[in-house]
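Data block below; observations after.
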Amino acid sequence: MKQGLKFLMDLQEEFQKKPIKQKGESLGLLQDQITSFIDEVNENGILTKQVVFASLRYQRWLELNPKASVQARGSILQELYKDYRLRDLLDDYPETRIRFFLMSCFKDSNPELIDELLSLQKKLRARTVTLEDLGSHLHHIHENITLTKEEEFFLTRLLFEHLDAAEEGELIVWETGSKSRLDLISLAEDSTGDRYRIRPPFKPKEIARFHSLLGEANLPGVFQPQHEFLLLINSNNQMVGGVYWKKTEEKTAYIEKIVIRYPYRKRHLSLKLLEELFNRLRDQRYKYVTIGFFQAGLFYKLGFQINRKFGGLVKEL
40 MKQGLKFLMD LQEEFQKKPI KQKGESLGLL QDQITSFIDE VNENGILTKQ VVFASLRYQR
100 WLELNPKASV QARGSILQEL YKDYRLRDLL DDYPETRIRF FLMSCFKDSN PELIDELLSL
160 QKKLRARTVT LEDLGSHLHH IHENITLTKE EEFFLTRLLF EHLDAAEEGE LIVWETGSKS
220 RLDLISLAED STGDRYRIRP PFKPKEIARF HSLLGEANLP GVFQPQHEFL LLINSNNQMV
280 GGVYWKKTEE KTAYIEKIVI RYPYRKRHLS LKLLEELFNR LRDQRYKYVT IGFFQAGLFY
340 KLGFQINRKF GGLVKEL
């Protein structure tokens, strides 16, 4: 695309020369058409063939299955996203996922919702908004537009790519300093069948409680403003564990500590909590997660390795 745009911009300059202009006009090509096309691409981006084909297949499938459940539609949406490798386009075309959703599951949605998503699509394209900050911007939509259950279902999966169609997940709004953002409450099950919620802290006192958990496990922690948290909450609404981390450089996160309360250990909850963290980091386009040699045995099992480019252990996401 970059080479094509450069060619058109060069051609636009060449149109100042009379012979080139005459030749172009004889073929029905006007300078205004070139300028208009360049402006359109710069404003709205390129509609890649992968997105077009994936959207057409979704519409064709929907024509054959007009009464498909929202879970079935979510499943085919995720399947097409993977089949056409749309995730691979995000580095060059960060608006890809929103564009695909607009051309498929949101195609006939509330016009107000469509307008807001189109606006967000343009901001992603212009890189004035990053995928990492998407939750803060979708918060505005969630809070100011009345969504149907289906629209909320797909909005959740727009933000959290890893969430399967049949997987339960609830959108929540929480405060992060001076702004609000959307986040996810996900569910996990331990080796005994007990269920838990994995979510960020809602209130400062929950961060204080997590700090106490670390202290009880002789894992003193020092929290800083850039730290982020995921907490593990049991069915009695008690905090039984958590993990905290920070962004250290572009697309790299560093895990500080993870803790599980003693009575809940050996139930595979550390694995559940870390896998959820890895999924959320992938959704935000992180490529690496690192840690010191803290609990090295656990992290080796999760695919962490020693890498000379990083201190400690590293896992490629």
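Numbering (this note's numbering), first residue to last: 40 to 356. Note that CB positions come from ideal geometry on N, CA and C, so glycine has one too.
{"Asked": "Continuous beta strand (DSSP E) stretch holding Arg-248: start and end", "Found": "It is not in any beta strand (DSSP E) - Arg-248 instead sits in the alpha helix (DSSP H) that spans 243–255."}
{"Asked": "Phe-268 - DSSP class collapsed to helix/strand/coil", "Found": "strand"}
{"Asked": "Helix, strand or coil at Gly-336 according to DSSP, with G and I counted as helix", "Found": "helix"}
{"Asked": "Tyr-325 beta carbon less than 8 Å from that of Leu-356", "Found": "yes"}
{"Asked": "8 Å Cβ cutoff met for Glu-315 and Ile-237", "Found": "yes"}
{"Asked": "Beta-ladder partner(s) of Glu-189, from DSSP", "Found": "In DSSP, Glu-189 forms no bridge with anything."}
{"Asked": "Within 8 Å, strictly: CB atoms of Lys-290 and Tyr-235", "Found": "no"}
{"Asked": "Nearest to Lys-146 (by Cα), restricted to the options Leu-194, Lys-305, Glu-288, Arg-319", "Found": "Leu-194"}
{"Asked": "Three-way DSSP call (helix, strand, coil) for Ile-115 in this model", "Found": "helix"}
{"Asked": "Nearest-angstrom Cα separation, counted from Glu-245 out to Asp-131", "Found": "39 Å"}
{"Asked": "8 Å Cβ shell around Ser-274 - same chain, five flanking residues per side excluded", "Found": "Asp-233, Arg-234, Tyr-235"}
{"Asked": "Beta-bridge partners of Gln-344, as assigned by DSSP", "Found": "Val-353"}
{"Asked": "Check whether Asp-222 and Leu-308 have beta carbons under 8 Å apart", "Found": "no"}
{"Asked": "C-alpha distance - Leu-270 paired with Lys-88, whole-angstrom precision", "Found": "41 Å"}
{"Asked": "Enclosing beta strand (DSSP E) for Ile-184 [first to last residue]", "Found": "It is not in any beta strand (DSSP E) - Ile-184 carries neither H nor E in the DSSP assignment."}
{"Asked": "Span separating the alpha-carbon of Pro-259 from that of His-266", "Found": "15 Å"}
{"Asked": "Extent of the continuous alpha helix (DSSP H) to which Val-90 belongs", "Found": "88–103"}
{"Asked": "Cβ contact check for the region 87–102 and the region 131–143: 3 or more pairs under 8 Å", "Found": "yes"}
{"Asked": "Sequence-distant residues of the same chain with beta carbon closer than 8 Å to Gly-350, five excluded per side", "Found": "Thr-329, Gly-331"}
{"Asked": "Counted within 10 angstroms of its Cβ, other Cβ atoms place Arg-166 as buried (16 or more) or exposed", "Found": "exposed"}
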